[in-house]
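Inspection log for the structure reproduced underneath, given as structure tokens.
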Amino acid sequence: MINDSKSTQFIAWTELGTSFVVSNVGEFSRSILGSHFKHNNFSSFVRQLNMYGFHKINRTPRAQRTTTDAQTWEFSHHKFLRGRPDLLEEIKRKALEPDPAVKHRVELPGEVAAQLALMREDGRRTERELYEVKKRCERLAGVVGALWEAVGKAVPGGGECLSSFSILAAYRFDFHL
């Protein structure tokens, strides 16, 4: 498209050949884009350039940005250079991130990642063991409660003494959990 003589009035290399300029965006969209893409929408063209790592260089002063037709847009990519078609195959579409949280992930060295995985598994194992111990303690507390109740009924007049003692024992038992 840039090297096509029919489009030089709308799209051309800069003097140094390190970027290209699109001028008269409206006419460029109507005349050029449709013959090279499935659309003639300049915003879609810019989005596609961004997906391939091109960057916009602002050439139109902010005060002069009135209509899209009057604007001049410049784009660059460190591997898109005039006279260097050999670099074109190195321009790749950016990989899409499946999850925004992935953006903040840090790639850990193999040894550190392996240690972290072992620590996570150890933590899960400890959690399971703690759950089992808690269940055993709850069962034991039920047995102790039933024994206190049985002893309180079996010993004449000892119910009041034993119930006070059982409250203290239950408190002490809960305190250690």
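If you're matching positions, the sequence shown starts at 1 in the UniProt record's numbering and goes up one per residue.
Even for Gly, the Cβ is constructed at its ideal location relative to N, Cα and C.
Classify residue i: buried if its beta carbon has 16 or more other beta carbons within 10 angstroms, exposed otherwise.
i	result
V112	exposed
I11	buried
L49	buried
I32	buried
S19	buried
Start and end of the beta strand (DSSP E) containing residue i?
i	result
E74	T72 to S76
F20	S19 to S23
K56	H55 to N58
I11	I11 to W13
For residue i, which residues in the same chain have their Cβ closer than 8 Å to its Cβ, ignoring the five residues on either side in sequence?
i	result
G17	L81, R82 and G83
I91	Y52, G53, H77, K79 and F80
L130	none
Hey, out of the options, whose CA is closest to residue i's CA?
i	options	result
V21	N58, K6 and S44	N58
Pull up the CB-CB distance for residue i and residue j, whole angstroms please, since I reckon it's below 8 Å.
i	j	result
N40	R30	6 Å
From which residue to which residue does the alpha helix (DSSP H) around residue i run?
i	result
N50	F42 to M51
A154	G110 to A154
So, at 7 Å on beta carbons, what are the nonlocal neighbours of residue i in its own chain, with the 5 sequence-adjacent residues on each side left out?
i	result
E121	none
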